[in-house]
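Take a look at the structure set out below.
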């Protein structure tokens, strides 16, 4: 039986190394062509870049990566670390800022498509129950014009990854959500990726903060779906003061 | 000619409260009151099934007006499906509405299985608790079921199909969502604060109170909506 961890480790080890250049603070502005479907109030930028780096290294094999298996520990260092400044356990990358930020909910029909018939043994397909049951699914989305991120890292590598591999932002891009019209990169003088004007720009573990007004159990590093990466954090948008590290 | 854009701030709660002045609502209220009166007269030991949602809160208010000592049964879904603050709110609201005999039941499965606890309501509530209540002499259950909610519920009401061995009474069977909210807002009936979070997004007509991050509702995209609106509660198991 194929050892998935080893297979993906070898595939990633054979990927060309990424040569990091100059790190600087910058702002990325995604000009949106369609609303962004969301499953959280924000989208983490380091999660997005980790996803694009895996796509870059694995090519089509990315789409057969095992679900719910965290490959982080088996990734070679060059492919595990993101081209973003790191303090403690977190990257200097803000969460998404949606402009304007207002949530809506629409509904989608998840229903049987005849392209699935190739692998079916039976001639009749029940859409009332079972695997092919049709569902009326709620889809939360934000109809924003722009999505802004603040990052401190290698702008050229990140720009290259985004321009080469980013299909869309957020959930359900395959049905047209989160389409990006344009991306604007601007270098900045100030690093606004962790805390800006006393406000947390991303989930920050409370251990890293001297003072904070609020906290919650949230994931603070990629992969964000893994419960192991959940800790008591200062949520984005909350007043806080970082400890001197 | 310059057209001025008039922005109207609509207070839906006030509008819904005004619905309570309509003859249509008054008729529904009278009908519900009649159903409750008749049910109380013909049964010895009834109870009110109170979930904390809008329908059961409204029904509880109506039943307590006629029978202040009625037993109010609340099923607790445990800390992994309902946040503690909301559970406390349910209980406080029931007391504010006037419940004196509040009975809270739950299952250990919720703590043991956490967010993998599936079908506990059927197994524990319908399978064990209700037969126990029947043995204790309870002969009627007030349930806030409405025809409008789904075709399945409409058929259940039309065919008088009880899911438990205890007879059920549905005083709000013919009520619409407008009637329920009108009754709540016009009478200042306390309701769960999560409605104020969900209703502006999903609509006052569609908003429902169900367990959060429940795998049973994943197919309907409920997990995604909860993830955005109740994100603080997503990782409760880490706490």
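Protein chains in written order, with my numbering: chain Y, 1 to 245; chain L, 1 to 239.
In this text, a Cβ means the ideal position worked out from N, Cα and C, and glycines have one as well.
Since we're looking at a predicted model, the values are computed, not measured.
Pairing residue 236 of chain Y with residue 178 of chain Y, the inter-Cα distance amounts to about 21 Å. Residue nearest to residue 187 of chain L within the set L/229, L/104, L/97 and L/87 is L/97 (criterion: CA-CA distance).
When secondary structure is reduced to three states using DSSP, residue 223 of chain Y falls in the coil class, being assigned neither helix nor strand.
From the beta-carbon of residue 205 of chain Y, no residue of chain L is found nearer than 9 Å; the closest lies around 12 Å away. Counted as a single uninterrupted DSSP element, the beta strand (DSSP E) harbouring residue 141 of chain L occupies residues 140-142.
216, 217, 218, 219, 227, 230, 231, 232 and 235: these are the residues of the stretch 216-235 of chain Y whose beta carbon lies less than 9 Å from some beta carbon of chain L, given in chain order.
Residue environment analysis places residue 63 of chain L among the buried positions, since at least 16 neighbouring C-beta atoms fall within 10 angstroms of its C-beta. The residues 201, 204, 240, 241 and 242, in chain order, have a CB closer than 8 Å to that of residue 195 of chain Y in the same chain once the five nearest residues on each side in sequence are set aside. With contacts defined as CB atoms closer than 9 Å, residue 201 of chain L and residue 54 of chain L fail to qualify as a contacting pair. Look at residue 27 of chain Y here: in three-state DSSP terms it is strand. Residue pairing by DSSP puts residue 74 of chain L in a beta bridge opposite L/104. Among the bridge pairs identified by DSSP, residue 86 of chain Y is matched with Y/91. Counting along the chain, residue 12 of chain Y sits inside the alpha helix (DSSP H) bounded by residues 4-13.
Secondary structure of residue 47 of chain L (DSSP, three-state): strand.
Runs of alpha helix (DSSP H) with 4 or more residues, each lying fully within the stretch 152-193 of chain Y, are found at 155-165, listed in chain order.
Shown here, residue 118 of chain L sits in coil according to DSSP, grouped into three states, outside any helix or strand. In this structure residue 145 of chain Y is in contact with residue 32 of chain Y, their Cβ atoms being roughly 6 Å apart against a cut-off of 8 Å. Check the Cα spacing between residue 189 of chain L and each of L/114, L/141, L/65 and L/76: the tightest is with L/65. The C-beta of residue 229 of chain L comes closer than 9 Å to at least one C-beta of chain Y. The straight-line gap separating the alpha-carbon atoms of residue 153 of chain Y and residue 24 of chain Y is approximately 5 Å. Using a CB distance cut-off of 9 Å, residue 114 of chain L does not count as an interface residue toward chain Y.
By the Cβ neighbour-count rule, residue 151 of chain Y is buried, with 16 or more other Cβ atoms within 10 Å of its own.
Taking residue 101 of chain Y as reference, the option from Y/230, Y/35 and Y/181 with the minimal CA-CA separation is Y/35.
At a beta-carbon threshold of 8 Å, the residues of chain L lying near residue 136 of chain Y are 220, ordered along the chain. Look at residue 106 of chain Y here: in three-state DSSP terms it is strand. Here the stretch 128-146 of chain L makes contact with the stretch 158-177 of chain L; the two share three or more CB pairs at distances below 8 Å.
Taken through DSSP and simplified to helix, strand or coil, residue 199 of chain Y comes out as strand. DSSP, read as helix, strand or coil, puts residue 67 of chain L in coil. Residues of the same chain with a CB within less than 7 Å of the CB of residue 194 of chain L, apart from the 5 flanking positions on each side, are 86 and 209 in chain order. When DSSP reads this structure, residue 209 of chain Y sits in a beta bridge with Y/242.
In this structure, the CA atom of residue 162 of chain L is about 60 Å from the CA atom of residue 192 of chain Y. Near chain L, meaning a CB-to-CB distance below 8 Å, no residue of the stretch 151-165 of chain Y qualifies.
The Cβ of residue 108 of chain Y sits closer than 9 Å to at least one Cβ of chain L. Within the stretch 47-89 of chain Y, the alpha helix (DSSP H) runs of at least 4 residues that lie entirely inside it are, in chain order, 77-80. By the neighbour-count criterion, in which 16 or more other beta carbons inside 10 Å mark a residue as buried, residue 116 of chain L falls on the exposed side. The alpha-carbon of residue 128 of chain Y is positioned some 22 Å away from that of residue 223 of chain L.
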